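Before any comments, here is the structure.
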Amino acid sequence: MTLWLTRIVPSPSSREARRDLAGSDQGIRLHQRMLQMFPDGAEGPARAAFGVLFRAEESPRGPQILLQSHIEPDSARLPDAYGNVETRSLDALLSNLHKGMVVNYRCVASPVRKPGATSRQAYKLPPVVALSGNAAIEWWERQSNAGGLEPLHTTAHPLATVRGQQGSKDPAAKQRIQHARTQFDGTARVLDTELLREKITTGIGRGKAYGCGLLSIAPTR
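The letter at position 191 of the sequence shown is residue 1119 when you use our numbering, and the numbering goes up by one with no holes.
Structural data, given as structure tokens:
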């Protein structure tokens, strides 16, 4: 199975692109826009069917969107003049991974913990608690180890929480979406290539439909 990475540099003159990148519901808008580039009629949830993961981020050229998928997306399905789109295969990167290799990484993820019933009742905690600071870094280290990486250096930068509503046109039936986000950057050593390939393919943590979970790596120079 080929894994595709698409880089979208939205045009500042595109009203649709500016709207997609604006506000706390950015992840919800981009979820809908990214799936627009894939065939209709998928069996089950389209995001899972096409292996879609994405991340919006700032680059030296300005805002960009990284989209990963199991099939090559059709950029012609985007609005006219939405932006510049480039797609390439990740096969060479994934096939060249080996144990002991040191890589740079980036991942925007939603680090959380789920307190037990006793703790929730005693401290009046919600079912899901967002993590920050050292707790978020410890969460990332656990996720990295489970994905075949040994973090050597990590920086954690909190990002705006994704908030909004998704689903039915009936306001009463809409699903409330909320995902706290942290951007993790650093270097790591590859411990297990198969685990790492699986984690790159499937993503990390919660909120994968809304701009979280895409793990990007590149060999250090």
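Glycine is no exception: its CB is placed at the ideal position from the N, C-alpha and C atoms.
The model shown is predicted, which means the values in this text are computed figures rather than measured ones.
What number of angstroms, rounded off, separates the C-alpha of residue i from the C-alpha of residue j?
i	j	result
Tyr-1138	Arg-1041	19 Å
Val-1031	Ala-1108	26 Å
Arg-1034	Gly-969	32 Å
Arg-957	Ala-1074	31 Å
Arg-943	Ser-1003	17 Å
On a CA-only basis, which of the options is nearest residue i? Give me that one, please.
i	options	result
Arg-1020	Gly-1028, Gly-1133, Gly-972, Trp-932	Note that residue 1020 is Ala in the sequence shown, not Arg. Answer by Cα proximity: Trp-932.
Glu-986	Ile-936, Ala-1074, Pro-1039	Ile-936
Ala-976	Arg-1149, Gly-1131, Thr-1148	Gly-1131
Glu-1126	Ala-1009, Gln-1093, Leu-1025	Leu-1025
Ala-1045	Ala-1037, Pro-1054, Ser-1038, Pro-1039	Pro-1054
Glu-1078	Ser-1017, Leu-1123, Cys-1140, Ser-1038	Leu-1123
Gln-1103	Cys-1140, Thr-1110, Arg-1091	Arg-1091
Ala-1088	Ser-1038, Thr-1121, Trp-1068	Ser-1038
Leu-1143	Leu-1059, Gln-1106, Ala-984	Ala-984
Assign residue i to buried or exposed, taking buried as 16 or more other Cβ atoms, counted over all protein chains shown, within 10 Å of its Cβ.
i	result
Met-962	buried
Ser-1072	buried
His-1085	exposed
Gln-1049	exposed
For this session: Would you be able to state if there are at least three C-beta pairs under 8 Å between the segment 1108-1124 and the segment 1012-1021?
Result: Taking 8 Å as the limit for Cβ pairs, the verdict is that the segment 1108-1124 does not touch the segment 1012-1021.
Problem set entry | 3 or more residues per run - each beta strand (DSSP E) lying fully within the segment 1096-1140 | Listed in chain order, they are 1103-1118.
Exercise. Which whole runs of the alpha helix (DSSP H) in the segment 1026-1105 are 4 residues long or more, in chain order?
Worked result: Taking 4 residues as the minimum length, the alpha helix (DSSP H) runs contained wholly in the segment 1026-1105 are 1045-1051, 1061-1074, in order along the chain.
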